[in-house]
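Read in order, the letters of the sequence shown correspond to residues 5 to 195 in the working numbering. By construction, the Cβ of each residue, glycine as well, lies at the ideal position given by its N, Cα and C atoms. All values reported here derive from a predicted model rather than from experimental measurement. Report on the following structure.
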Amino acid sequence: MEVAPARPVPAVTLRPENQYTSAAKWFHWLTVPALGIALLSGMTIRFIVDDTKMAFYALHESLGLLLLALAVLRLGWRLRHPPPALAAHLPRAIRIVADGVHLALYTLLIVQPVLGFFTTNAYGFPQQGDTAFLGLIDLPAFMNARPDLALQLHWGHSILGWLLAALIGVHVAGTVYHHAWQKDGTLLRML
5 MEVAPARPVP AVTLRPENQY TSAAKWFHWL TVPALGIALL SGMTIRFIVD
55 DTKMAFYALH ESLGLLLLAL AVLRLGWRLR HPPPALAAHL PRAIRIVADG
105 VHLALYTLLI VQPVLGFFTT NAYGFPQQGD TAFLGLIDLP AFMNARPDLA
155 LQLHWGHSIL GWLLAALIGV HVAGTVYHHA WQKDGTLLRM L
């Protein structure tokens, strides 16, 4: 049985103007593990025994604020250093979806940690003591405990967490599609 050779990656995708900047790559690859751990810890924290639950909260909350800082820096970098244009061969619909997913990811990377921070404050647990930022820095409370508001904020934070996970799935699926099937060098732009 003869196997057809894989389509070579077009050389145009490997030129510097078609790649993300080194800083953009660093922001992306620092975000990936931090976001993965933050999402997993957030989705599993309710199953953790009470003895270790505070450590999970501390990790989750600290990663959330680190992700917020990374997202703000990353967005600032992106505005000053626009990303390379999408490949010219992509249909318009795919370009719209790709841009929409990126916009939604950036939005959620900023909104989600802020919402989480206000949620913990509304529950009466600002990042202080056992849940201090990075275990070292007590952050000021931005509001008094408000259990009525806390429940609503928690619900929103949870829904956005699942939405963020779904968007990451779409993002990864798009990357796999481009790399494995299209073989158009899209993944190489971020490596």
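Sequence-distant residues of its chain with Cβ nearer than 6 Å to residue i (five each side left out)
| i | result |
| --- | --- |
| Val174 | Val105 |
| Leu109 | Leu171 |
| Ile52 | Phe60 |
| Ile98 | none |
| Thr111 | none |
Beta bridge counterpart(s) of residue i as assigned by DSSP
| i | result |
| --- | --- |
| Ile141 | Phe137 |
Neighbourhood of residue i by C-beta distance below 7 Å, restricted to the same chain and skipping five residues each side
| i | result |
| --- | --- |
| Trp81 | Ala27, Ala28, Phe31 |
| Val16 | At Val16, the pLDDT of 41 sits below 50, so the modelled position is not reliable; the number obtained from the coordinates is stated separately. Around Val16: Asn22. |
| Arg150 | Ala126 |
| Met70 | For the record, residue 70 in the displayed sequence is Leu; it is not Met. Within the same chain, Leu70 has close Cβ partners Ala38. |
Supposed contact pair residue j and residue i - C-beta distance, whole angstroms, cut 8 Å
| i | j | result |
| --- | --- | --- |
| Ile41 | Leu72 | Actually they do not touch by this definition, with Cβ atoms about 15 Å apart. |
| Gly46 | Gly165 | 5 Å |
| His161 | Gly189 | Rounded, the Cβ-Cβ distance is 37 Å, inconsistent with contact. |
| Thr124 | Pro117 | Contact flag wrong, Cβ pair sits at about 11 Å. |
| Leu168 | Leu79 | With 8 Å as the limit, Leu168 and Leu79 do not qualify as a contact, their Cβ atoms being about 16 Å apart. |
| Glu65 | Thr135 | 6 Å |
Close beta carbons around residue i, own chain, < 8 Å, minus the five adjacent residues each side
| i | result |
| --- | --- |
| Pro95 | none |
| Val13 | Low confidence applies to Val13: its pLDDT is 48, below 50, so where it sits in the model is not reliable enough to give any reading. |
| Phe122 | Phe146, Met147, Leu157 |
| Gly133 | Asp142 |
Query raised in the report: Is it true that the stretch 137–152 meets the stretch 83–93, where meeting means three or more beta-carbon pairs spaced less than 8 Å apart?
Result: no
Report task. Would you be able to state if there are at least three C-beta pairs under 8 Å between the stretch 96–111 and the stretch 59–66? Result -> no
Query raised in the report: For the stretch 43–70, which segments carrying the alpha helix (DSSP H) assignment without a break, of at least 4 residues, lie completely within its bounds, in sequence order?
Result: Taking only runs of at least 4 residues, no alpha helix (DSSP H) segment lies wholly in the stretch 43–70.
Report task. Kindly confirm or deny that the stretch 155–175 and the stretch 22–29 touch, where touching means at least three C-beta pairs closer than 8 Å. Result -> no
**Report entry** the stretch 180–194 touching the stretch 88–101, judged by at least three CB pairs closer than 8 Å
**Finding:** yes
Query raised in the report: In chain order, which alpha helix (DSSP H) runs of at least 4 residues are fully inside the stretch 93–136?
Result: 96–126
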